[in-house]
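Protein chains in written order, with UniProt numbering: chain A, 1 to 460; chain B, 1 to 460.
Here it is in structure tokens:
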């Protein structure tokens with residue numbers, strides 16, 4: 001937990017932006033796995049953490065803007081509970097650590113909200129992503145489940161996005177701890193990527209590194225010899241010489257700030273020449289984007305620059321052809337790079353994603369494209385000093401997409417389908433770093449983790 | 001997945017027991033962590049797994065008893081999805097692997113249930129433990145959320161308990177795989193339990209062992225130098241010589257059968273003499289219960305026998321006094337052993353717990369006691385051949401409980417409070433094994449994992 005002044009300051013800022021009404025921030029509950037009392041590791045809601053800092057289930061935070069007052073609702077454990085749990089700090093104690101002096105039991109939040117509704121006080125709440133919190137909002141506020149998202153507060157969303165998007169020095173320090181643990185995970189994964197080893201073994205060991213550092217995973221690890229499958233959470237394969245292993249993983253610190261890095265390394269000692277060719281193209285795209293990003297630049301332009309760099313490289317190896325800018329403008333590069341260049345990162349890996357991409361990654365002026373490829377770009381707006389974000393270009397050879405587009409005669413001017421057919425078994429490559437936007441440019445977070453082909457396997 | 005004949009047979013048996021109506025078995029959905037698309041590892045519902053075997057989110061299984069027919073409802077991935085996920089088997093294909101030929105999209109389950117309701121067909125469903133499934137039942141069946149538990153089908157619950165309680169040979173084999181992985185976790189934890197090592201490091205490494213074996217954890221690991229805290233999921237301590245480390249962990253196989261073992265080992269090379277004294281008492285209680293259990297015996301009697309063995313031992317070291325049977329009958333032993341001796345185990349660690357302890361662990365004739373200690377005994381009924389269960393006695397010195405009972409002058413005839421005061425910093429010890437009840441007795445599952453004090457740290 002940060003110093004209490006930080007939480008007081010964050011709430012003060014939020015209150016002054018929202019201006020009137022009552023701000024309702026739902027903490028998370030425990031989530032059951034296969035029966036009620038068997039539960040996933042508890043994860044507090046990130047907005048609750050940001051403004052109230054307390055990492056335990058069953059809490060609600062209220063900021064009464066009109067009364068200039070913060071409150072916490074939750075239940076203390078009974079004497080009988082303490083026999084099972086050991087001594088626990090009271091909510092009053094925990095509240096005082098984050099500068100909240102007014103606390104009450106959980107049940108009373110309903111009364112409090114009822115009174116506010118009767119007094120015609122506007123209740124600002126966020127769109128829920130947990131079904132139990134949706135059910136509570138439905139019950140407390142008498143809003144149908146299917147309308148909760150539409151009736152959530154855009155004023156509150158915009159105010160929170162403005163605050164959380166710019167990371168303070170202490171947040172950056174915490175993120176960098178997570179990034180460094182993630183680098184340890186990546187280094188170990190590359191070392192273990194040997195012929196005959198299973199994906200699950202490596203995934204297990206690097207999960208252990210995240211836990212050993214005192215936190216959790218920030219998101220389920222993608223660790224696969226089939227890097228071309230973008231939403232890949234199966235880890236059932238044995239590694240073989242000649243394959244590439246793509247590892248996209250992130251540690252989360254005990255305070256729940258996370259890292260998010262990807263490396264693609266050869267299972268054998270070295271890449272094949274074909275692998276190295278495409279790998280170096282991804283390195284070039286990565287460097288182009290990193291060199292471009294500084295305050296005031298549109299992240300969408302960094303994305304397009306990376307796409308153009310990919311197209312130039314793919315032209316040089318005979319997989320694409322034609323005018324580079326035209327190819328990117330029309331979306332032909334999305335045969336190889338179907339997703340976006342990156343996203344904001346912080347307490348959430350896709351930071352604040354559930355507040356709505358239109359508010360987090362775009363603006364009233366800049367709307368998200370609907371073109372295949374660009375429509376998966378989570379971040380388009382100008383970047384600012386203090387933003388923390390990922391840069392993660394890739395080349396993914398997806399047989400299903402080749403067959404689909406070829407059958408539609410799509411982008412015949414830009415894609416060399418004949419050559420591409422020979423790459424159908426190639427797989428996928430991604431390189432991902434976490435950047436802090438600084439006053440004049442950016443800084444790649446964390447200690448050094450090699451990106452180039454020679455240094456990927458330092459211990460071999 | 002087992003052979004499809006097994007699933008066909010299980011459904012046939014269920015259908016014949018339930019006799020009429022429609023059996024509705026809800027599969028699980030993905031569970032969001034901190035935003036919608038960041039999700040915990042998916043865990044299928046155990047009853048769905050048992051009767052339909054398919055391990056993917058977003059499914060509903062129906063067994064129409066009156067029509068003697070099984071159906072699966074769920075959506076196939078679109079061509080666009082396949083670009084992200086890679087090729088996926090269709091529900092029709094997956095259905096055929098478990099002997100279900102009738103499949104339909106998810107939406108149509110609502111229509112199907114509507115028709116059944118109009119035709120006055122009784123719909124048997126189980127009490128939901130996931131909020132999203134509760135919301136669906138509420139919507140489909142028009143039953144208020146708070147009444148879902150009461151209106152769930154006792155006929156269905158009893159039929160499922162009867163089937164799932166007795167494990168088949170192939171289930172026992174699968175459980176034993178999980179137990180053996182759990183033993184690997186325990187062995188490594190005992191090896192790593194050295195001065196200066198952190199609880200999180202050991203927890204991380206053994207979590208990695210479970211993942212590496214191709215599965216998950218069956219439940220969040222308890223790994224602590226404060227073994228007296230029974231519901232302990234914090235792992236923030238550094239181990240010191242002279243402490244004991246209690247590790248209660250379980251691996252789950254890819255098919256979701258689990259193990260559940262506990263060992264308590266010294267951080268230094270050997271127990272202190274005081275630790276060894278109490279440890280040996282727990283070993284004696286464990287042996288007494290294991291030697292007692294065979295078909296026809298009440299598990300409650302095994303519990304009471306273990307309690308008496310504990311009291312005899314505690315009398316020998318001066319912590320208890322008086323008549324042993326009286327002490328146990330009145331519940332005085334619960335100062336040291338506050339919980340139950342064990343529980344059924346299978347697809348769930350506390351097998352079928354959410355179907356209701358009154359059906360799983362007790363019978364219409366044998367009701368659960370309300371006495372402190374006994375009221376935490378999850379299993380009381382006679383055990384049968386094919387039951388798999390845990391035996392896990394312990395001694396837990398809980399300072400808060402000592403203070404509480406002493407202030408109430410409770411059990412002055414049985415507890416030597418003066419001596420007990422000197423043990424307030426002792427901690428807790430538990431020894432847990434997984435047993436299969438056999439024709440004439442029982443068998444401890446898995447390869448050998450030492451229980452006695454000499455062999456706990458084989459590599460040192």
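Don't be surprised by glycine CBs; every beta carbon is placed ideally from N, CA and C.
Note that the structure is a prediction, hence the values are computed from the model and not measured.
Opening and closing residue of the beta strand (DSSP E) in which residue 260 of chain A lies
Within the first chain, the letter at position 260 stands for residue 260 of chain A. That residue, residue 260 of chain A, is in no beta strand (DSSP E); it is neither H nor E in DSSP.
What residue range does the beta strand (DSSP E) around residue 282 of chain A cover?
Within the first chain, residue 282 of chain A is the residue found at index 282, counting from 1. Per DSSP, residue 282 of chain A belongs to no beta strand (DSSP E); it is in the alpha helix (DSSP H), 273–292.
Sort A/390, A/239, A/411, A/164 by Cα distance to residue 48 of chain A and report the nearest one.
By 1-based counting over the first chain, the position of residue 48 of chain A is 48. Nearest C-alpha to residue 48 of chain A: A/164.
Less than 8 Å between CB atoms is the rule here; does residue 96 of chain A satisfy it with respect to chain B?
Residue 96 of chain A sits at position 96 when you count from the first residue of the first chain. With its beta carbon at least 8 Å from every one in chain B, residue 96 of chain A lies outside the interface.
Could you work out which residues of chain A lie near residue 201 of chain B, taking near to mean beta carbons separated by less than 7 Å?
Numbered from 1 along the second chain, position 201 holds the residue referred to as residue 201 of chain B. Residues of chain A passing the Cβ test: 212.
Rounded C-beta distance between residue 356 of chain B and residue 207 of chain A? I'm assuming under 8 Å.
Within the second chain, numbered from 1, the residue matching residue 356 of chain B stands at position 356. Within the first chain, numbered from 1, the residue matching residue 207 of chain A stands at position 207. Actually they do not touch by this definition, with Cβ atoms about 34 Å apart.
If you measure beta-carbon to beta-carbon, which residues of the region 18–43 of chain A are closer than 9 Å to chain B?
For the region 18–43 of chain A, which is checked against every Cβ of chain B, the residues closer than 9 Å are 28, 29, 31, 32, 33, 34, 35, 36, 37, 38, 39, 40, 41, 42, 43.
Does the Cβ-Cβ distance between residue 190 of chain A and residue 265 of chain A come in under 8 Å?
Within the first chain, residue 190 of chain A is the residue found at index 190, counting from 1. Within the first chain, residue 265 of chain A is the residue found at index 265, counting from 1. Result yes, Cβ atoms of residue 190 of chain A and residue 265 of chain A sit closer than 8 Å.
Do residue 391 of chain B and residue 290 of chain B have their beta-carbon atoms positioned less than 8 Å apart in this structure?
Indexing the second chain from 1 puts residue 290 of chain B at position 290. Indexing the second chain from 1 puts residue 391 of chain B at position 391. Yes; because the gap between Cβ atoms is below 8 Å, this pair is in contact.
Residue 400 of chain A and residue 33 of chain B - do their beta-carbons sit closer together than 8 Å?
For this step, residue 33 of chain B is matched to residue 33 along the second chain. For this step, residue 400 of chain A is matched to residue 400 along the first chain. Not a contact, by the Cβ cut-off of 8 Å.
Kindly give me the distance between the Cβ atoms of residue 203 of chain B and residue 245 of chain A, rounded to whole angstroms, as I take these residues to be in contact under 8 Å.
As a working mapping, residue 203 of chain B is identified with position 203 in the second chain. As a working mapping, residue 245 of chain A is identified with position 245 in the first chain. The beta-carbon separation of residue 203 of chain B and residue 245 of chain A, rounded to 26 Å, does not stay under the 8 Å limit for a contact.
Who does residue 119 of chain A pair with in a DSSP beta bridge?
Counted from its first residue, the first chain places residue 119 of chain A at position 119. According to DSSP, which records beta bridges pairwise, residue 119 of chain A is partnered with nothing at all.
Spatial distance of residue 115 of chain A from residue 150 of chain A (CA atoms):
Here the question's residue 115 of chain A lines up with position 115 in the first chain. Here the question's residue 150 of chain A lines up with position 150 in the first chain. Near 23 Å, if we compare the C-alpha coordinates of residue 150 of chain A and residue 115 of chain A.
Contact criterion: CB-CB distance below 8 Å. Does residue 130 of chain A meet it with respect to chain B?
Along the first chain, read from residue 1 onward, the residue named residue 130 of chain A stands at position 130. In terms of beta-carbon proximity, residue 130 of chain A lines the interface with chain B, with at least one pair separated by less than 8 Å.
At which residues does the alpha helix (DSSP H) containing residue 248 of chain B begin and terminate?
Position 248 of the second chain, counted from the first residue, corresponds to residue 248 of chain B. Counting along the chain, residue 248 of chain B falls outside any alpha helix (DSSP H), though it belongs to the beta strand (DSSP E) covering 244–249.
Let me check understanding here. Comparing Cα to Cα, which of A/201, A/51, A/175 lies closest to residue 470 of chain A?
Here chain A comprises residues numbered 1 to 460, so residue 470 of chain A is not present and cannot be evaluated.
In or out: residue 152 of chain A buried (at least 16 other Cβ within 10 Å) or exposed?
Here residue 152 of chain A is taken as the residue at index 152 of the first chain, counted from 1. Counting Cβ neighbours within 10 Å, residue 152 of chain A comes out buried, since at least 16 surround it.
Is the beta carbon of residue 299 of chain B sitting closer than 8 Å to the one on residue 380 of chain B?
In the second chain, counting from the first residue as 1, residue 299 of chain B sits at position 299. In the second chain, counting from the first residue as 1, residue 380 of chain B sits at position 380. Contact flag set, yes.
At which residue ranges does the UniProt domain "Aminopeptidase P N-terminal" (2–134) of chain B contain complete beta strand (DSSP E) runs of 3 or more residues, listed in the order of the chain?
Whole beta strand (DSSP E) segments, 3+ residues: 22–26, 32–35, 60–64, 69–73, 102–104.
Look up residue 378 of chain B in the DSSP assignment and say whether it is helix, strand or coil.
Here residue 378 of chain B refers to the residue found at position 378 of the second chain. Residue 378 of chain B: coil per DSSP, three-state reduction.
Proximal chain A residues relative to residue 84 of chain B, where beta-carbon distance stays under 7 Å
By one-based count along the second chain, residue 84 of chain B stands at place 84. Near residue 84 of chain B (Cβ distances below 7 Å), the residues of chain A are 230, 231.
Reduced DSSP category for residue 460 of chain A - H, G, I as helix; E, B as strand; rest coil:
Against the first chain, residue 460 of chain A aligns to sequence position 460. The predicted model places residue 460 of chain A with a pLDDT of 44, which falls under 50 and marks its position as unreliable; any figure quoted below should be read in that light. If DSSP states are grouped into helix, strand and coil, residue 460 of chain A belongs with coil.
At which residue ranges does the region 190–251 of chain B contain complete beta strand (DSSP E) runs of 3 or more residues, listed in the order of the chain?
222–224, 244–249
Spatial distance of residue 248 of chain B from residue 108 of chain B (CA atoms)
For the purposes of this step, residue 248 of chain B is taken as residue 248 along the second chain, with counting starting at 1. For the purposes of this step, residue 108 of chain B is taken as residue 108 along the second chain, with counting starting at 1. Residue 248 of chain B and residue 108 of chain B have their alpha carbons spaced roughly 44 Å apart.
Pull up the distance between the alpha-carbon of residue 130 of chain B and that of residue 270 of chain A, whole angstroms please.
In the second chain, the residue the question calls residue 130 of chain B occupies position 130. In the first chain, the residue the question calls residue 270 of chain A occupies position 270. Rounded to whole angstroms, the gap between the alpha carbons of residue 130 of chain B and residue 270 of chain A is 48 Å.
For residue 46 of chain A, would you say it is in contact with chain B, using Cβ-to-Cβ distances shorter than 8 Å as the test?
Position 46 of the first chain, counting from 1, holds the residue named residue 46 of chain A. Yes, contact with chain B.
I'd like to know whether the C-beta atoms of residue 106 of chain B and residue 73 of chain B end up nearer to each other than 8 Å.
Counting from one through the second chain, the residue named residue 106 of chain B turns up at place 106. Counting from one through the second chain, the residue named residue 73 of chain B turns up at place 73. Yes; because the gap between Cβ atoms is below 8 Å, this pair is in contact.
Residue 433 of chain A versus A/394, A/406, A/409, residue with shortest Cα-Cα distance:
Position 433 of the first chain, counted from the start, is the residue given in the question as residue 433 of chain A. The shortest Cα separation from residue 433 of chain A among A/394, A/406, A/409 belongs to A/394.
Quick one: grab the DSSP three-state call for residue 388 of chain B.
For the purposes of this step, residue 388 of chain B is identified with residue 388 of the second chain, where counting begins at 1. Strand.
Within chain A, the residues that residue 348 of chain B reaches when beta carbons sit closer than 8 Å:
The residue labelled residue 348 of chain B in the question sits at position 348 within the second chain. Under the 8 Å cutoff, chain A gives 34, 35, 38.
My understanding is that residue 463 of chain B touches residue 23 of chain B, with C-beta atoms under 8 Å, so please give their C-beta distance in whole angstroms.
Nothing about residue 463 of chain B can be read from this structure; chain B reaches only from 1 to 460.
With a threshold of 7 Å on Cβ separation, who are the neighbours of residue 339 of chain A within its own chain once the five nearest residues in sequence on each side are excluded?
In the first chain, residue 339 of chain A corresponds to position 339, counting from 1. Counting only Cβ-Cβ distances below 7 Å, and skipping sequence neighbours, we find 230, 376.
Touch test, the region 215–226 of chain A against the region 131–145 of chain A, Cβ-Cβ under 8 Å, three pairs minimum:
Under the 8 Å Cβ criterion, the region 215–226 of chain A does not count as touching the region 131–145 of chain A, having fewer than three qualifying pairs.
What distance in whole Å lies between the Cβ atoms of residue 347 of chain A and residue 388 of chain A, which are believed to be in contact at a cut-off of 8 Å?
Along the first chain, one-based indexing puts residue 388 of chain A at 388. Along the first chain, one-based indexing puts residue 347 of chain A at 347. About 11 Å; that fails the 8 Å criterion.
Contact list for residue 195 of chain A against chain B, beta-carbon separation under 8 Å:
Counting from one through the first chain, the residue named residue 195 of chain A turns up at place 195. Near residue 195 of chain A there are no residues of chain B at all, since even the closest Cβ is about 17 Å away, more than 8 Å.
Where DSSP assigns a beta bridge to residue 409 of chain B, which residues make up the other side?
To locate residue 409 of chain B, count along the second chain from 1; it is residue 409. DSSP output for residue 409 of chain B lists no bridge partner at all.
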